[in-house]
Amino acid sequence: MWLAMDPDHAYILGCLIAGGRIGEKRVSIKFPFKKWGKITEDPLRAANIFRSIVQHIQPKLKELYELDSYPVPEPEWQIICEGDLTKLSKDLVLYGIKPQGILREHASISNIVSRMDLVCKRDFIAAIADVIGSVRPSHRRFDMGHTIVSFEILGENFHLVMELCHLLRELGCPVDQILWEHPNMHCGYDPWNDKWINKGNKLRVLTWDFVRNASFAFGSKVVAAERNLEIEMRILKEQIKSRLQRREIRNEFCPKKCIQIKGIKTVHKHEFHERLMPKVQGHFIHFTHICAAMGCPYAPKNQLKRKLQMVQQGYLFNPFVVYKFGDYYEINKIVESEPIMAHRKYKSIKVPINEIVTQKDSSLIFKKAKNVGYRVGFIKDAINQIVKANLGITRRKKLNGESNRTEILKIILRKYRKYVEDINIFIPELPTPIIITDYKWAALIGPENPLVYKKLVTKVDFSNFTGIIITPIEEKHLCLNARLI
Amino acid sequence: MFKRKINLDKKTRKGERTYYNEIATWLKDHVSATLKDLGNYLVDVEVCYPKDLSEGIERLIRRNKISSAELQRKIDFTKELKVDIILLIYDVASERSEIVICEVKRKEGLSLKDCSQLLGYCISADCNLGLLINVDGGLTDTFRNILAQNTTLTHIVQMVNDEKKIRKMAFLTWESKTKRGIFLPNGFIKNLREFSQDIVNCLKQK
Numbered sequence: 005m006w007l008a009m010d011p012d013h014a015y016i017l018g019c020l021i022a023g024g025r026i027g028e029k030r031v032s033i034k035f036p037f038k039k040w041g042k043i044t045e046d047p048l049r050a051a052n053i054f055r056s057i058v059q060h061i062q063p064k065l066k067e068l069y070e071l072d073s074y075p076v077p078e079p080e081w082q083i084i085c086e087g088d089l090t091k092l093s094k095d096l097v098l099y100g101i102k103p104q105g106i107l108r109e110h111a112s113i114s115n116i117v118s119r120m121d122l123v124c125k126r127d128f129i130a131a132i133a134d135v136i137g138s139v140r141p142s143h144r145r146f147d148m149g150h151t152i153v154s155f156e157i158l159g160e161n162f163h164l165v166m167e168l169c170h171l172l173r174e175l176g177c178p179v180d181q182i183l184w185e186h187p188n189m190h191c192g193y194d195p196w197n198d199k200w201i202n203k204g205n206k207l208r209v210l211t212w213d214f215v216r217n218a219s220f221a222f223g224s225k226v227v228a229a230e231r232n233l234e235i236e237m238r239i240l241k242e243q244i245k246s247r248l249q250r251r252e253i254r255n256e257f258c259p260k261k262c263i264q265i266k267g268i269k270t271v272h273k274h275e276f277h278e279r280l281m282p283k284v285q286g287h288f289i290h291f292t293h294i295c296a297a298m299g300c301p302y303a304p305k306n307q308l309k310r311k312l313q314m315v316q317q318g319y320l321f322n323p324f325v326v327y328k329f330g331d332y333y334e335i336n337k338i339v340e341s342e343p344i345m346a347h348r349k350y351k352s353i354k355v356p357i358n359e360i361v362t363q364k365d366s367s368l369i370f371k372k373a374k375n376v377g378y379r380v381g382f383i384k385d386a387i388n389q390i391v392k393a394n395l396g397i398t399r400r401k402k403l404n405g406e407s408n409r410t411e412i413l414k415i416i417l418r419k420y421r422k423y424v425e426d427i428n429i430f431i432p433e434l435p436t437p438i439i440i441t442d443y444k445w446a447a448l449i450g451p452e453n454p455l456v457y458k459k460l461v462t463k464v465d466f467s468n469f470t471g472i473i474i475t476p477i478e479e480k481h482l483c484l485n486a487r488l489i
Numbered sequence: 009m010f011k012r013k014i015n016l017d018k019k020t021r022k023g024e025r026t027y028y029n030e031i032a033t034w035l036k037d038h039v040s041a042t043l044k045d046l047g048n049y050l051v052d053v054e055v056c057y058p059k060d061l062s063e064g065i066e067r068l069i070r071r072n073k074i075s076s077a078e079l080q081r082k083i084d085f086t087k088e089l090k091v092d093i094i095l096l097i098y099d100v101a102s103e104r105s106e107i108v109i110c111e112v113k114r115k116e117g118l119s120l121k122d123c124s125q126l127l128g129y130c131i132s133a134d135c136n137l138g139l140l141i142n143v144d145g146g147l148t149d150t151f152r153n154i155l156a157q158n159t160t161l162t163h164i165v166q167m168v169n170d171e172k173k174i175r176k177m178a179f180l181t182w183e184s185k186t187k188r189g190i191f192l193p194n195g196f197i198k199n200l201r202e203f204s205q206d207i208v209n210c211l212k213q214k
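Protein chains in written order, with this note's numbering: chain E, 5 to 489; chain F, 9 to 214.
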């Protein structure tokens, strides 16, 4: 028999989908607040989390499923229920959800949502946000300085992410970005980087939009979100004076959403990895490209078509590495393992620093033909990062309060010039990646070469938007082009 | 000293009023969402303050174009009853209606005094259900103990002209940060589901 769908039922289903793990005689809802909710980190927040769990979740589990439960704060927050799970299992089965394992890894919410009215939908999304909505102030949309609520959906359940996106859309809350668990989304520059695995899918919504249209039920999360908005307002004070202006730059719904592809993505080695379902295998240029491949009816297909035409012309991707930094031996090992780089003759030069500082980040250097060369911005990054590493400063940290690469380079030239003098640039005779190194640290930077790259594009799907297939680059392709040395 | 106390009281009263509208909207949304599976009910809410209960009922009747003799009768004897919010549930099929009186407080803990006030309103207005709401607070320890020992305190049976009348009460905490209500398990009615089910039962028994 169906349990009536009301706001309490919707809330508890949301908690279960987001964090529920079902065993034979035990159900737990895990809250991934490892650091954020730690008692020693912020006791007041931990107390609030405890109160919210006890007030919002515990009584509802008892009322709906006759389950006794208790919250556990360490090592991570969870509520554990033990007892007869028959009622809970039957309820989930009615919605087509297998009551087994980690629910978010396999559940679909389409049947649940179809039985909900707007009030229930709001409570359902509030529950999901309470469990997996991260409100760390470091989640930012950097181009606008906005803070983000990030729904962190671990596992490979791409469909759940899309269903959640559609639900948020229904509630009037446009999704800013979906960071799919795909190598092109997480490792856009480095084709050998395997950190995309187990990253999960991240559905990111502007805090402002979420608080206004849906919001949380946990007081601790509302407090954190409000604090983020205060920080945001402080940052944006100079740029945006009034709420009216703020509304003007608000996020748009798809398909009106403007696709901005700022950088070039590397053709990653894992684009056909076994973890990726067939629909999302191949090369993708933007997160909406994956949305389109997943069959989302709202994907901005017209804009995507224009961008895909650029791919056909050899732009927006690089069959080599775009940028990779590491210690000298790591980089050397990579060069030796890739025949196309290992078989090159390299010419060593000192850093033409005056030329680099004065040039724009987007311009090309060491070029032979038009549009063939290496981006100055990446070379600046490499020099900065090598010097920073020698000074013991991590990549993301500012140098003397500066984060702009050219300004950092100017500071380095003023204060740490001797480090730059130790750096050499190895330029190959064919347009393959250059190596910048001081023999302690090194960086690889791939060339831009659209005339050659366009010949590698073997399949671009303009109707179903499946992944682009790009042939791996070989020496024969490069011989078509002019030599650099 | 005396003057200062009055000022503080005024400040507290002013504080609770600012929450009337958001509480009313939440109640209407959540009660109608819970009732939708139980039948065809019309749910509406009215903030009575600063007028009295009779005017609140009149406004509800006018707005929803209801012709209910029972509600018309209530208008006459609920003048001067200064309640905060009222919730109307109207059974479209049987044309029966139920009024729930909601009393909003903003204090550290609700006490027997607040419960008595609500019970007084319910008896005077002949309403079966009352909801005592505290903004950002629960019950005092003393009151919680009283309720634990005397479970019938929020389930009062009254005999009026040989007719049995049952007055039930529920407690709700209004979280001003999250703009959500949480039913407290201390009253006879423990959650939103029971609250809505009781409304339906009251309507059926009429």
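By construction, the Cβ of each residue, glycine as well, lies at the ideal position given by its N, Cα and C atoms. What you are looking at is a predicted structure, and each value in this text was computed from that prediction instead of being measured.
CA nearest to the CA of residue i, picked from the options
i, options, result
"residue 372 of chain E", "E:218, E:140, E:410, E:432", "E:432"
"residue 223 of chain E", "F:164, F:183, F:67", "F:183"
"residue 214 of chain F", "F:135, F:156, F:139", "F:135"
"residue 300 of chain E", "E:258, E:390, E:14, E:479", "E:258"
"residue 478 of chain E", "E:279, E:403, E:361, E:343", "E:343"
"residue 395 of chain E", "E:421, E:239, E:211", "E:421"
"residue 123 of chain F", "F:163, F:103, F:101, F:106", "F:163"
"residue 444 of chain E", "E:406, E:458, E:393, E:60", "E:393"
"residue 389 of chain E", "E:440, E:119, E:369", "E:440"
"residue 179 of chain E", "E:152, E:130, E:64", "E:152"
"residue 458 of chain E", "E:415, E:205, E:313", "E:313"
"residue 189 of chain E", "E:436, E:476, E:469, E:284", "E:284"
"residue 200 of chain F", "E:63, E:39, E:414", "E:63"
"residue 442 of chain E", "E:317, E:426, E:408, E:436", "E:426"
"residue 90 of chain F", "F:61, F:104, F:107, F:82", "F:61"
"residue 159 of chain E", "E:126, E:346, E:119, E:201", "E:201"
"residue 68 of chain E", "E:361, E:95, E:53", "E:95"
Assigned secondary structure, residue i (DSSP; H/G/I helix, E/B strand, else coil)
i, result
"residue 77 of chain E", "coil"
"residue 85 of chain E", "strand"
"residue 322 of chain E", "strand"
"residue 389 of chain E", "helix"
"residue 157 of chain F", "helix"
"residue 298 of chain E", "coil"
"residue 25 of chain F", "helix"
"residue 252 of chain E", "Residue placement at residue 252 of chain E cannot be trusted, given a pLDDT of 49 that sits under 50; the coordinates are not used to answer."
"residue 15 of chain F", "Here the model assigns residue 15 of chain F a pLDDT of 47, short of 50, so the residue's position is not dependable, and the following value carries that caveat. Of the three classes helix, strand and coil, the one that applies to residue 15 of chain F here is helix, per DSSP."
"residue 469 of chain E", "coil"
"residue 278 of chain E", "coil"
"residue 474 of chain E", "strand"
"residue 361 of chain E", "helix"
Span of the alpha helix (DSSP H) around residue i
i, result
"residue 212 of chain E", "211-217"
"residue 190 of chain E", "187-190"
"residue 156 of chain E", "Run containing residue 156 of chain E: none in the alpha helix (DSSP H); it sits in the beta strand (DSSP E), 150-157."
"residue 77 of chain F", "77-85"
One or two residues paired with residue i in a DSSP bridge
i, result
"residue 110 of chain F", "F:93, F:139"
"residue 181 of chain E", "E:208"
"residue 270 of chain E", "E:322"
"residue 71 of chain F", "BP columns for residue 71 of chain F are empty, so no partner."
"residue 428 of chain E", "E:354, E:441"
"residue 313 of chain E", "For residue 313 of chain E, which the question treats as bridged, DSSP gives no partner whatsoever."
"residue 200 of chain E", "Looking at the DSSP assignment, residue 200 of chain E forms no beta bridge with any residue, so it has no partner."
"residue 99 of chain F", "F:49, F:104"
Run of the beta strand (DSSP E) containing residue i, from where it starts to where it stops
i, result
"residue 34 of chain E", "30-34"
"residue 481 of chain E", "Per DSSP, residue 481 of chain E belongs to no beta strand (DSSP E); it is in the alpha helix (DSSP H), 479-482."
"residue 51 of chain E", "Segment 47-56 is the alpha helix (DSSP H) holding residue 51 of chain E; no beta strand (DSSP E) there."
"residue 179 of chain F", "171-183"
Touching by the beta-carbon criterion (3+ pairs, under 8 Å), the stretch 25-33 of chain F and the stretch 99-116 of chain E:
no
Three or more C-beta pairs below 8 Å linking the stretch 113-125 of chain F and the stretch 135-145 of chain F
yes
If we count Cβ pairs, one from each stretch, closer than 8 Å, do we get three or more for the stretch 460-476 of chain E versus the stretch 377-386 of chain E?
no
Mind the definition here: the stretch 167-179 of chain E touches the stretch 305-317 of chain E only if three or more C-beta pairs lie below 8 Å; say whether that holds.
no
Contact the stretch 11-26 of chain E vs the stretch 128-145 of chain E: 3+ CB pairs below 8 Å:
yes
Would you call the stretch 317-334 of chain E and the stretch 189-203 of chain E touching, i.e. three or more CB-CB distances under 8 Å?
yes
Okay, do the stretch 92-104 of chain F and the stretch 51-66 of chain F touch, 3+ Cβ pairs below 8 Å being the bar?
yes
Assess, as a yes-or-no matter, whether the stretch 222-237 of chain E is touched by the stretch 36-54 of chain E under the definition of 3 or more beta carbon pairs within less than 8 Å.
yes
When the Cβ atoms of the stretch 171-182 of chain F are set against those of the stretch 63-79 of chain F, are three or more pairs found closer than 8 Å?
no
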